[in-house]
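Data first, discussion second: the structure below is written as structure tokens.
In this note's numbering, the protein residues as written are 240 to 428.
Written as structure tokens, this is what we have:
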């Protein structure tokens, strides 16, 4: 899914006709390289399930482009409600095959908290795409990898290795450059 910012940037140019200069392309590519440094994918045989991941990433990228495109005319709450309805319908098709009830009653509380946090997070993502160009907002999605690394340490005591720190530094640097460059461009207009 960390290929999404790159795909969103391509789609923003093709679909939304956003202007993306070579500096932003370079920063997006650098952020993706940072992701590769952290993930370090193997060069062995590619499993067919990778295609499912790529399909999911492409769908998420199209969703972000649609959010940006519809954001000018629709309220964020409307976007969230429609997304929740579609997500519920799609997930409901899978429930008979994969559902297993929670082991303890307090798991329901965790589900509710996940839904609440997800709802707020989704709201802020929608607002970001309403106010900013997709090619500018999407690369900040790379920061998810840094957040999951921090949570991995706090929850599972998983200590990041040297390459995780290197990749995170590249991601932070590329995102900071995009923010700086966008501020420069907006200052001129």
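Glycine is no exception: its CB is placed at the ideal position from the N, C-alpha and C atoms.
Item: Between which residues of its own chain and residue 310 is the CB-CB distance below 6 Å, once the five residues before and five after are set aside?; Value: 368, 369
Item: Can you grab the Cα-Cα spacing for the pair residue 415 / residue 341, in whole Å?; Value: 41 Å
Item: For residue 246, tell me which candidate among 399, 308, 358, 302 has the shortest Cα-Cα distance.; Value: 302
Item: Tell me where the alpha helix (DSSP H) around residue 264 begins and ends.; Value: 261-278
Item: Does DSSP classify residue 286 as helix, strand or coil?; Value: coil
Item: How would you write the range of the alpha helix (DSSP H) that residue 335 sits in, first residue to last?; Value: 315-337
Item: State the start and end residues of the unbroken alpha helix (DSSP H) segment that holds residue 366.; Value: 345-370
Item: Using the rule of at least 16 other Cβ atoms within 10 Å of the residue's Cβ for burial, across every protein chain shown, is residue 263 buried or exposed?; Value: buried
Item: Do you know how far the Cα of residue 259 is from the Cα of residue 361?; Value: 25 Å
Item: Please tell me whether residue 458 and residue 242 are closer than 8 Å, where the distance is taken between their beta carbons.; Value: This structure cannot speak to residue 458, because the chain is shown only from 240 to 428.
Item: Use the C-beta contact count for residue 409: other C-beta atoms within 10 angstroms, 16 or more gives buried, fewer gives exposed.; Value: buried
Item: Using three-state DSSP, classify residue 257 as helix, strand or coil.; Value: coil
Item: Taking the beta carbon of residue 394 as the centre, do at least 16 other beta carbons fall within 10 Å, making it buried, or is it exposed?; Value: exposed
Item: Please check the pair residue 334 and residue 251, which I expect to be a contact at CB under 8 Å, by giving their CB distance rounded to whole angstroms.; Value: Not quite, the Cβ-Cβ distance comes to about 34 Å (not below 8 Å), so this is no contact.
Item: Excluding the 5 residues preceding and the 5 following residue 372 in the sequence, name in chain order all residues of the same chain whose CB lies nearer than 7 Å to its CB.; Value: 251, 257
Item: If you check the beta carbons only, do residue 352 and residue 274 fall under 8 Å apart?; Value: no
Item: How should residue 280 be labelled, buried or exposed, when 16 other C-beta atoms within 10 angstroms of its C-beta is the threshold for buried?; Value: exposed
Item: Determine the direct distance from the alpha carbon of residue 407 to that of residue 270, and round the result to whole angstroms.; Value: 9 Å
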